[in-house]
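Okay, so here's the structure we're looking at.
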Amino acid sequence: MRAVILDLDDTLFDDTACTHAGLRAVAHAHGLSVDPAELFARHAAHIRAIDPLLFRGELTAHGARVRRFTGLLTELGVPDADGEAATVTYREAYREHWQLLPGAADVLRDLRAAGLRLAVLTNYVREVQGQKLAHFGLDALVDAVLCVEDVPAAKPDPRAYHAACAALNVTPAQAVMVGDSWEKDVQGARRAGLRAVWVSRLATPAPDAGVPVVSRLPDLPAALGVQVLTRG
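The UniProt record's numbering numbers the first residue of the sequence shown as 1 and each following residue consecutively.
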């Protein structure tokens with residue numbers, strides 16, 4: 001192993017917590033009484049429907065948000081849904097709650113200190129993901145950042161992982177992909193010839209017993225077989 005490639009959202013950055021915060025703010029602003037899990041699921045469905053337009057360059061990140069909140073509020077019965085205003089409300093709350101998953105920066109430092117090359121490979125646009133990485137200084141801890149615009153196709157297409165390997169000057173057999181999505185970060189990577197570690201915050205057993213699972217980032221070096229210096 002010479003390199004580790006990591007997903008960003010819900011692997012290093014707590015996107016789920018930020019999204020819940022943004023949706024709570026939108027629901028409060030519109031007087032909506034919706035179960036948080038249902039609201040999260042409905043919002044995620046709109047993201048899945050609209051993201052292809054964003055990735056093809058037909059919408060900006062802001063335009064994609066306006067469209068999804070217009071659709072989401074309309075679906076929830078809000079009259080004259082104002083997607084622009086909802087987007088502002090959502091983004092303010094989302095940004096206010098920005099946070100890394102515990103241990104994210106330390107793990108990157110430990111892996112670098114062990115001599116490994118590091119990349120972030122994310123299925124979202126640089127306009128958004130670059131801000132997150134820079135805000136927390138993670139961009140300075142990795143050798144490459146590949147967003148959806150930087151690869152021939154998004155994960156789980158093999159070309160995404162191969163592009164990350166090329167950026168790190170390693171072969172797929174020399175790299176490990178780490179992420180929270182079983183399909184996009186584990187299965188896709190393994191089909192592309194990489195090894196993988198699944199980040200499962202609920203400690204859910206892996207569908208394939210051959211894949212290491214970590215529920216917290218400080219356990220990642222051990223799962224990779226990397227020894228790190230004891231802190232403190």
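Virtual Cβ for every residue (Gly too), placed ideally from N, Cα, C.
Since we're looking at a predicted model, the values are computed, not measured.
Taking the continuous alpha helix (DSSP H) assigned at residue i, which residues delimit it?
i, result
"Val107", "Ala104 to Ala113"
"Gly179", "Segment Ala175 to Gly179 is the beta strand (DSSP E) holding Gly179; no alpha helix (DSSP H) there."
"Thr120", "Inspection of the sequence shows that residue 120 is occupied by Val rather than by Thr. Val120 -> not in any alpha helix (DSSP H); beta strand (DSSP E) instead, spanning Arg117 to Leu121."
"Gln131", "Arg126 to Phe136"
"Val170", "Unbroken run through Val170: none, as it is neither H nor E."
"Phe13", "Here Phe13 belongs to no alpha helix (DSSP H), and DSSP marks it neither H nor E."
"Gly188", "Gly188 to Arg191"
Taking just the CA atoms, how far does residue j sit from residue i?
i, j, result
"Ala85", "Gly188", "37 Å"
"Leu194", "Ala173", "5 Å"
"Ala206", "Arg68", "32 Å"
"Pro152", "Ala163", "8 Å"
"Thr70", "His97", "23 Å"
"Leu39", "Val88", "18 Å"
"Ala192", "Arg112", "24 Å"
"Leu53", "Val228", "43 Å"
"Ala134", "Asp106", "16 Å"
Would you check if the distance between the CB atom of residue i and the CB atom of residue j is smaller than 8 Å?
i, j, result
"Val199", "Gly179", "yes"
"Asp10", "Thr122", "no"
"Asp185", "Asp14", "no"
"Leu146", "Ala119", "yes"
"Glu183", "Pro158", "no"
"Val78", "His30", "yes"
"Val148", "Phe55", "yes"
"Ala21", "Ala93", "yes"
"Met1", "Val176", "yes"
Where do the ends of the beta strand (DSSP E) carrying residue i lie?
i, result
"Ala196", "Arg195 to Val199"
"Val145", "Ala144 to Leu146"
How is residue i classed by DSSP in three states: helix, strand or coil?
i, result
"Ala93", "helix"
"Asp7", "coil"
"Val78", "coil"
"Val88", "helix"
"Val211", "coil"
"Leu32", "coil"
"Leu39", "helix"
"Leu224", "coil"
"Ala54", "Per the sequence shown, the amino acid found at residue 54 is Leu instead of Ala. Three-state DSSP puts Leu54 in a helix."
"Leu59", "coil"
Contact defined as beta carbons within less than 8 Å: I believe residue i pairs with residue j. What is the distance between those atoms, to the nearest angstrom?
i, j, result
"Gln99", "Ala17", "6 Å"
"Val125", "Ala61", "5 Å"
"Pro221", "Asp143", "The Cβ separation is near 17 Å, so there is no contact."
"Leu101", "Leu217", "6 Å"
"Glu75", "Arg42", "7 Å"
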